[in-house]
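Undergrad:
Protein chains: 2
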Amino acid sequence: MEGVDHLAHERNKSEFDVDAMKIVWAGSPHAFVVSDRISKLVASDPGFRKDNRSTLSRKELFKNTLRKAAYAWKTIIDLHLSEEEAAKLRFYVDEPAFTDVHWGMFIPAIKGQGTEEQQQKWLPLAYKMQIIGCYAQTELGHGSNVQGLETTATFDPQTDEFIIHSPTLTSSKWWPGGLGKVATHAIAYALLIVGGREQGVHGFIVQLRSLEDHSPLPGMTVGDIGMKFGNGAYNAMDNGVLRFDHVRIPRNQMLMSHVMVLGRGSSLLGPWGGKTDFVYSQWSALRGGPVGANGKVVLVVTCEGKYKQSDVPRQLVYGAMLYVRQTIVADASCALSRAVCIATRYSAVRRQFGSQNGGPETQVIDYKTQQSRLFPLLASAYAFRFVGEWLKWLYADVTQRLQANDFSTLPEAHACTAGLKSLTTTATADGIEECRKLCGGHGYLCSSGLPELFAVYVPACTYEGENTVLLLQVARFLMKTVSQLGSSKKPVGTIAYMTRVEHLMQCRCGVQRGFAELSADLVEAAVAHCQLLVVSKFIEKLQQEIPGKGVKQQLEVLCNIYALFLLHKHQGDFLSTGCITPKHAALANDELRSLYSQVRPNAIALVDAFNYTDHYLGSILGCYDGNVYPKLYEAAWKDPLNESVVPDGYHQYIRPLLKQEIRTARL
Amino acid sequence: MEGVDHLAHERNKSEFDVDAMKIVWAGSPHAFVVSDRISKLVASDPGFRKDNRSTLSRKELFKNTLRKAAYAWKTIIDLHLSEEEAAKLRFYVDEPAFTDVHWGMFIPAIKGQGTEEQQQKWLPLAYKMQIIGCYAQTELGHGSNVQGLETTATFDPQTDEFIIHSPTLTSSKWWPGGLGKVATHAIAYALLIVGGREQGVHGFIVQLRSLEDHSPLPGMTVGDIGMKFGNGAYNAMDNGVLRFDHVRIPRNQMLMSHVMVLGRGSSLLGPWGGKTDFVYSQWSALRGGPVGANGKVVLVVTCEGKYKQSDVPRQLVYGAMLYVRQTIVADASCALSRAVCIATRYSAVRRQFGSQNGGPETQVIDYKTQQSRLFPLLASAYAFRFVGEWLKWLYADVTQRLQANDFSTLPEAHACTAGLKSLTTTATADGIEECRKLCGGHGYLCSSGLPELFAVYVPACTYEGENTVLLLQVARFLMKTVSQLGSSKKPVGTIAYMTRVEHLMQCRCGVQRGFAELSADLVEAAVAHCQLLVVSKFIEKLQQEIPGKGVKQQLEVLCNIYALFLLHKHQGDFLSTGCITPKHAALANDELRSLYSQVRPNAIALVDAFNYTDHYLGSILGCYDGNVYPKLYEAAWKDPLNESVVPDGYHQYIRPLLKQEIRTARL
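Residue numbers (the numbering used here), protein chains in the order written: chain A, 1 to 667; chain B, 1 to 667.
(1) How far does the beta strand (DSSP E) with A:Thr152 in it extend, from its first residue to its last?
(2) Between the region 465-481 of chain B and the region 406-419 of chain B, do three or more beta carbon pairs fall short of 8 Å?
(3) Taking C-beta pairs closer than 8 Å, name the residues in chain A that B:Val259 reaches, listed in chain order.
(4) Look at A:Met105 and A:Tyr71 and say whether their C-beta atoms are less than 7 Å apart.
(5) Look at B:Gln356 and B:Val364 and say whether their C-beta atoms are less than 7 Å apart.
(6) Within 10 Å of its beta-carbon, does B:Pro167 have 16 or more other beta-carbons around it, so buried, or fewer, so exposed?
(7) Classify A:Arg663 as buried or exposed, calling it buried when 16 or more other Cβ atoms lie within 10 Å of its own Cβ.
(8) For the putative contact between A:Glu556 and A:Leu542, defined by C-beta atoms under 8 Å, what is the C-beta separation to the nearest angstrom?
(9) Would a check of beta-carbon distances place A:Gly649 closer than 7 Å to chain B?
(10) By a C-beta neighbour count over all protein chains shown, 10 Å radius and 16 as the cutoff for buried, is A:Tyr127 buried or exposed?
(11) For A:Ser372, decide whether its Cβ has a neighbour in chain B, counting only Cβ atoms nearer than 7 Å.
(12) Taking Cβ positions only, does B:Arg248 come closer than 7 Å to chain A?
(13) Is there a Cβ of chain A sitting closer than 7 Å to that of B:Cys509, yes or no?
(14) Within 10 angstroms of its Cβ, does B:Glu433 collect 16 or more other Cβ (buried), or is it exposed?
(15) What are the start and end residues of the alpha helix (DSSP H) that includes A:Ile539?
(16) When you compare the CB of B:Tyr457 with every CB in chain A, is at least one pair closer than 7 Å?
(17) What's the C-alpha gap between B:Asn294 and B:Gly230?
(18) Using a Cβ distance threshold of 8 Å, determine whether the region 344-351 of chain B contacts the region 359-375 of chain B, with at least three qualifying pairs required.
(19) So who's on the other strand from B:Tyr189, going by DSSP bridges?
(20) Between B:Ile342 and B:Ser619, is the Cβ-Cβ spacing less than 7 Å?
(21) What residue does the alpha helix (DSSP H) around A:Cys559 start on, and which one ends it?
(22) Give the straight-line distance between the Cα atoms of A:Ser44 and A:Lys50, rounded to the nearest whole angstrom.
(23) Could you please give the first and the last residue of the uninterrupted beta strand (DSSP E) stretch that includes B:Val308?
(24) Please list, in chain order, the chain A residues whose beta carbon lies closer than 8 Å to that of B:Ile107.
(25) Have a look at the DSSP bridge pairing and note the partners of B:Tyr135.
(26) Could you have a look at A:Met254 and say whether DSSP puts it in helix, strand or coil?
(27) Using a Cβ cut-off of 7 Å (strictly closer), state whether B:Gly514 contacts chain A.
(28) Quick one: which chain A residues come within Cβ less than 8 Å of B:Lys74?
(29) What is the rounded straight-line gap between the Cα of B:Gln130 and the Cα of A:Pro656?
(30) Report buried or exposed for A:Lys489, applying the criterion of at least 16 other Cβ atoms within 10 angstroms of its Cβ.
(31) Would the region 208-226 of chain B and the region 627-646 of chain A be scored as touching if the rule is three or more Cβ pairs under 8 Å?
(32) Go ahead and pull the three-state DSSP assignment for B:Pro675.
(33) Which residues, taken in chain order from the region 159-183 of chain A, show a beta carbon closer than 7 Å to some beta carbon of chain B?
(34) So the alpha helix (DSSP H) B:Phe62 belongs to, where does it begin and stop?
(35) Using a beta-carbon distance below 7 Å, is A:Ala70 in contact with chain B?
(36) Flag A:Gln598 as yes when its Cβ comes closer than 6 Å to any non-hydrogen atom of the ligand NAP, and as no otherwise.
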């Protein structure tokens, strides 16, 4: 049956131009071409195979990841790949590795928080991988509360150095990827202490290991934090623990784009009055040299601990967070679409019940119960794709505004990014697991690809802002917006709709309670706000011209499914606020059923449009040709347990049972 | 800090008698004593340690499981444990193993479906573990649709044998635990063919492996199906694949308690007319000997393929299913309570934000957002415990009735068992993962115990009846009940409430659609029915006398939380049917918040009442004394990656990167 497309009949049913949809999914013809080429390059290179991953021991898995990372880098160099192509290659290699953090956090942190001098010194080393960096923020005792980090960086004006120290067990750095065994350098976050005063938490470039023999430098205790969820997943990554024992680093290794500690002999005298935006030119005058392209200084501290704060918003410091969270939202649609692709294809292959006169059984994708769980996830994958594109635009927009000293959209951008990070990652993690369940028993096999996908994905709900904590930030933003409704400050952008609730708010102000007391309800409100965002951006996408036969029609169906599914799921909110009647709710439900029928013939083509190779999918259940059963059967025999017919342990542990000799057996 | 109870201040807050609650949770003073003794016995025996599980390779893990199973059996024999105590011991050893299936399915199947002769022959062997059995039902191509199984058992009257055969690839047995490497025998399910006629799917005792050298018998291709979800979990189990090539077994190895194939020379002449209940005495007359204590024969087939069917309900055949599903419901509360115990204790240990004047930060259990996610799960654990007890009673009741030829409650028992299996396993799997997320980043570590708990538990949503398929069965039962409302047959028992909806049904009969078309909605109705069951049984429990200071009050709070949480979650259903007004919904929400505050001081004591040892919990985050951070730190260093400071692979893969020698490196 090799070479036969078992899903050809499904593909023939589709009512739209799949190639055109591939371009919509990729974002542009160029993006499609790059993705297509690089994904096939990775898939066809045996150096990147990953089907053997689940049976490796921790050490084997980790070593194999080191090999792949090196091999990927060699490929990038040999083929002269561009930065865009190199990033795609790492994406399609599809294995968590220290390189993710090096490229995704270490380098961006230096770019975002480093002065121009610091960038000139460190970035070339990092770009060539002459140093390998990690991002050491989280500690054993502190994650969400970054300002509560306990690691200290005490300035010693005598030597012009910072002393980095871990004063308690809970101040041990804990979780940073790449830290455990690989990274030579870290951006370590620590509480800055100057002249005996605490000056907030800031980032410092700290060398961890010798560049000659890779041994940890004096004063560092560093190791791996142990096994994590899943049998492959992040066990390929050396998430680490790190304790500092009075480690000294030069003053110029504090990231000083936004916050600056002055050495002895420098003072706060200068053109800055403390009220003015302390911008590039002024700062360079003070420093006697260029500070950095970012150049929005928030805080300046003298070696005696005196400080001046500009009125540049402090959130500016968290610019790197905006960037990282935005990429997380973009990745959500990748992970969800992958799971949906697997579940959709397998649902078309799998048949169960409903045989008529000895004919084939019903494809499980034809069951309404399957459709009502699967198709909203298919719609969500597309919805998240488009909101991710919009968020990327928003990030570019806010960055541009900041360059022009316009901070006005920063709070909104923060709220959107935080909220969408929370919404899309929660929905994606749940959606992957739902897809796994939709594959029945076989979804529990590693060869389905879904357990690994879940275990790799689910920490996204926690890292870079715990999802509930983020929703509370959104809720605070919404409450602030509501509180200002009476003022002259009219809400614009993504919160413009709030002008309409002004009247409502005036009608119902009976209850006066604290934010904390009502936080669980406020979190629900924040979720609703974010869902509105996703729906709006999907609708806006549909207002654009979208070429290709039937493409826009399919997207309209998916958009309606997404919106009506949410309405159905949260009908209590709509009903209790009188936005809809029970009759409306029933009609929405009827419409949803009808939309599922419209998606059904196009389902396989809609997941083909993701253009995933079988290598990237990493799932027998989701393989393109649908030839599932022979592949499952063949894969089983590769398990290490099948290396011998009679298992290791038979003579010691099974035979004594059967022979009633257990009392004298050595166990 | 060894020996210090870091949660003592929490325990001192509690307002009820924890020891009395322990007995309520255990079910009886006797059950408490047995559980307490056996769990401590397991915890204190280094032969049962499990903290090293996550770093073992597949083969090491499996071999270690074989050792533990043998060691458990030795312990049972050495200590002369009763059957009850032995079962508890296996439970607290807490590792999936072939013994689960041997004791939990193989033996019950012989008891339930075997004739008395068969029981006399096979049970003593199985009880002594002279044979090890598995339960080979599911195939590569068929799970839910048992009647679609493709394995054939063709009767050969010449030799008085059945020929067991796997005619297709998809007919390969696939998934049975213990099959892959250990079991010597299987109950294999196959399509019975007699005289060229198909007579439905039945169970056959088939020897798989030599009792001398453990090699598979001729005609058997058998092996392990490969890695599954999680790094430990069911990878300790040899879920297997099995193909039969015309394997012959004697006629008396078909399980014949309910269905009988007659040998040559026997005929259907006899006292049975086909309409009468074919009970024990009549059957034994025909067979010339006792048939079995179960003795309700459904079908008799001659060697020519002629058959007679009694009017004993066919569901009787699925009695074993009732039993197994009932135990699954009982296990749900164990798994959920374990996760809740871990998350609750860690939420009291973990502090984040909210430090006042340099004082300690707020315990995360004090955040309303944490409470609103955690406490409904705590309430669910108790709710499932009590509904599990009730279901056990229902099973005993229906079994007793069947003995007295009363089949009237069988459909209701089937619906309750199927529905509760679905409801409790879905909620428990989701609840475990929610508890993991409630532990923040550290919940992702294997040492939290939660990844393993999830990976071990989640297949319960799929095995022994896929949860959506089961809900559709409940929905069918409900629809049948509704359709009979107009007749003289009044609903009783768990569906008595339906008499009240009679009027409603008559008012709204506008829409006429097929079951399949509306199945997604019917599934929602089935869930609502099952939730009503859980709430009702919790309320009934509270109507009993419950000794111990404050115990009943605590349970009342939990019952209210469970009910109001469901009302809040599904408020759309209540609002759209006019059962409540938006005002009611808001009041319920207020009440819920107030109930959370009442639970708060008792939370730790309420999870202490589960009486779990640290060994059984298997979680650093959930350890009794709350001394989390030093234990996490200490555990990290045991990872194999920390065996060397410089990792294996440095010279081949890291150094060439740093030294810019990647192009010439051998990768």
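Glycine included, every Cβ here is placed at the ideal spot set by N, Cα and C.
TA: Per the coordinate set shown:
(1) 152-156
(2) yes
(3) Those do not exist, as B:Val259 stays about 22 Å from chain A at its closest Cβ, beyond 8 Å.
(4) no
(5) no
(6) exposed
(7) exposed
(8) 6 Å
(9) Output row for A:Gly649: interface = yes.
(10) Counting every other CB atom within 10 Å of its CB across the protein chains shown gives A:Tyr127 a total below 16, marking it as exposed.
(11) yes
(12) Not one chain A Cβ lies under 7 Å of B:Arg248.
(13) Confidence is the limiting factor: at B:Cys509 the pLDDT is only 44, short of 50, which leaves the residue's position unreliable, though a coordinate-based value still follows. With 7 Å as the cut-off, B:Cys509 does not count as an interface residue toward chain A.
(14) buried
(15) 519-542
(16) No, because no Cβ of chain A sits closer than 7 Å to the Cβ of B:Tyr457.
(17) For B:Asn294, the predicted structure reports a pLDDT of 48, less than 50, and the residue's modelled location is therefore unreliable. The matter cannot be settled from this model.
(18) yes
(19) B:Gly203
(20) Contact annotation: B:Ile342 and B:Ser619 have beta-carbon atoms nearer than 7 Å.
(21) 551-569
(22) 12 Å
(23) Per the sequence shown, the amino acid found at residue 308 of chain B is Lys instead of Val. Start and end: 307-309.
(24) Chain-ordered listing is empty here: chain A has no CB closer than 8 Å to the CB of B:Ile107, the nearest sitting near 15 Å.
(25) B:Ile187
(26) strand
(27) Interface with chain A (7 Å Cβ-Cβ cutoff): B:Gly514 is excluded.
(28) Ile662, Arg663, Ala665, Leu667
(29) 9 Å
(30) exposed
(31) yes
(32) Not covered by the structure: residue 675 of chain B. The range shown for chain B is 1 to 667.
(33) Leu169, Thr170, Ser172, Trp175, Gly180, Lys181, Val182
(34) 58-78
(35) yes
(36) With respect to small molecules bound, the structure shown includes none, and the ligand NAP cannot be examined in it.
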